[in-house]
Amino acid sequence: MALKSSVFKADIQIADLDRHFYENFSLTLARHPSETDERMMVRLMAFILHAQEGLSFGKGLSTEDEPDLWLKNMVDEIELWIEVGQPDEKRLRKAAGRSRRVCVYCYGNNEVDNWWHNHQRKLKQMDKLSIYRIPAEPCQALTEFVQRTMHLQCTIQDDEIMLTDGQQTVQFRVEVLKAD
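Residue numbering for the sequence shown follows my numbering, beginning at 443 and increasing consecutively.
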């Protein structure tokens, strides 16, 4: 019998001063049995960093033809395709062919360094692709927020991200490995 996804709720207040975007979201995140808390929180951070009407989570790790998050326009064209982790080049080429813009959010230390070292030459040649890294220490600290129901506030100013639940706070910057 297949294991079922765990469901998490997140109420998030976003104040993105860099984009002049201020909004509250009530999200439901399904965490696949093979997904870690760290990866789930990176997906949530990717949502926060690109938050806008219509941005939604894909069906998850078990669905190969969907991203972790995406934004579609009114005629069902993919405006934004967001991947989390270290996807292979073939997947990113396919994503770039299907969407107007592709973003990757990497996390971890050695895994990202090795992935980037092995793929950067080809990835740097790809149009429409941006790659970001969430540093290991704050990424691990994000897992401290994980609860079945989360109430979070995020402020973004001058590319500095501050996430809090009212009791603990994590501050960090996302490193740009490749800009579109």
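Each residue gets a CB set at the ideal place from its N, CA and C atoms; glycine is no exception.
Beta carbon of residue i nearer than 9 Å to that of residue j
{"i": "residue 453", "j": "residue 584", "result": "no"}
{"i": "residue 596", "j": "residue 458", "result": "yes"}
{"i": "residue 603", "j": "residue 516", "result": "no"}
{"i": "residue 618", "j": "residue 580", "result": "no"}
{"i": "residue 542", "j": "residue 564", "result": "no"}
Closest residue to residue i among the options (Cα-Cα distance)
{"i": "residue 500", "options": "603, 549, 461 and 470", "result": "470"}
{"i": "residue 615", "options": "591, 575, 606 and 621", "result": "575"}
{"i": "residue 463", "options": "541, 447, 495 and 558", "result": "495"}
{"i": "residue 446", "options": "460, 477, 461 and 468", "result": "477"}
{"i": "residue 468", "options": "484, 479, 451 and 482", "result": "451"}
{"i": "residue 636", "options": "567, 568, 552 and 591", "result": "Outside the shown range of the chain, which is 443 to 622, sits residue 636, and nothing can be said about it."}
{"i": "residue 535", "options": "568, 561, 606 and 509", "result": "568"}
Straight-line gap, residue i to residue j (C-alpha atoms, nearest Å)
{"i": "residue 397", "j": "residue 455", "result": "Outside the shown range of the chain, which is 443 to 622, sits residue 397, and nothing can be said about it."}
{"i": "residue 620", "j": "residue 554", "result": "13 Å"}
{"i": "residue 600", "j": "residue 475", "result": "36 Å"}
{"i": "residue 523", "j": "residue 609", "result": "33 Å"}
{"i": "residue 513", "j": "residue 491", "result": "13 Å"}
{"i": "residue 448", "j": "residue 506", "result": "20 Å"}
{"i": "residue 538", "j": "residue 586", "result": "34 Å"}
{"i": "residue 573", "j": "residue 525", "result": "9 Å"}
{"i": "residue 460", "j": "residue 598", "result": "7 Å"}
Simplified DSSP assignment, three categories, for residue i
{"i": "residue 451", "result": "strand"}
Three or more C-beta pairs closer than 8 Å, one from the segment 546-566 and one from the segment 527-535: is that the case here? Yes: the two stretches touch, three or more of their Cβ pairs being nearer than 8 Å.
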